[in-house]
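K.L.:
Please find one structure pasted underneath; my questions will follow.
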Amino acid sequence: MRNSQKITRIHLSVNEQDFPVVFGIVTPDPDYKLSLKLNKKLNISLRNTNPVEFRDDESNMFIFSKFADTSSSPDSIFQLVSNRSGKNFLLKKLKNIDYLLIINDPGKNIRPENVLLQLREIESVTGVFNIEFKTLKDRNLKYLV
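For the numbering used here, add 1 to where a residue sits in the sequence shown, where the first one is 1.
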């Protein structure tokens, strides 16, 4: 007779806290100016970090600037990532978005509604959109998380 073990499956629930908050920002400002304005407005400390780099199917290299802050709150991580590199886009379905502000806040210390209002108060920002992370379907999404 065959000795077979019973397989036990464990289902893990995906909590809403596991998904980061993503804001799409439209502005003519370069990345360094926007990061300074965000630092002042949100009282954070975004600093230039390693850019998002990858190659496409034809071996073309793409580089998207990235600023990050991990020091403001021990539970919260802010990232500002450029969605444009020349004529190329990090997330192709969001071609009208210049930058992505990604907030990982597992403790839920930050209220997205307040951040959205503060972003809209920045003079050079012409548009801010709250983007549902779950609805994003792009192969380059793996470079953001």
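Quick reminder that beta carbons are idealized off the backbone N, C-alpha and C, glycines included.
Taking only the alpha-carbon atoms, compute the straight-line gap between LYS88 and ASN115 and give it to the nearest angstrom.
P.N.:
C-alpha separation (whole angstroms): 32 angstroms.
K.L.:
What is the rounded straight-line gap between the Cα of PRO31 and the Cα of LEU39?
P.N.:
Between PRO31 and LEU39, the C-alpha separation is close to 12 angstroms.
K.L.:
Helix, strand or coil for GLU1, going by three-state DSSP, please let me know.
P.N.:
The requested residue 1 does not occur in the structure, where the chain is confined to residues 2 to 146.
K.L.:
May I ask you to report which of helix, strand or coil DSSP gives THR71?
P.N.:
THR71 falls in the strand class under three-state DSSP.
K.L.:
Name, in chain order, the residues that DSSP records as bridge partners for PHE24.
P.N.:
Its beta-bridge partners are LEU102, ASN131.
K.L.:
Using C-beta distances below 6 angstroms, list every residue in its chain close to SER207, excluding the 5 sequence neighbours before and after it, in chain order.
P.N.:
This structure leaves residue 207 out entirely; the chain is present only between 2 and 146.
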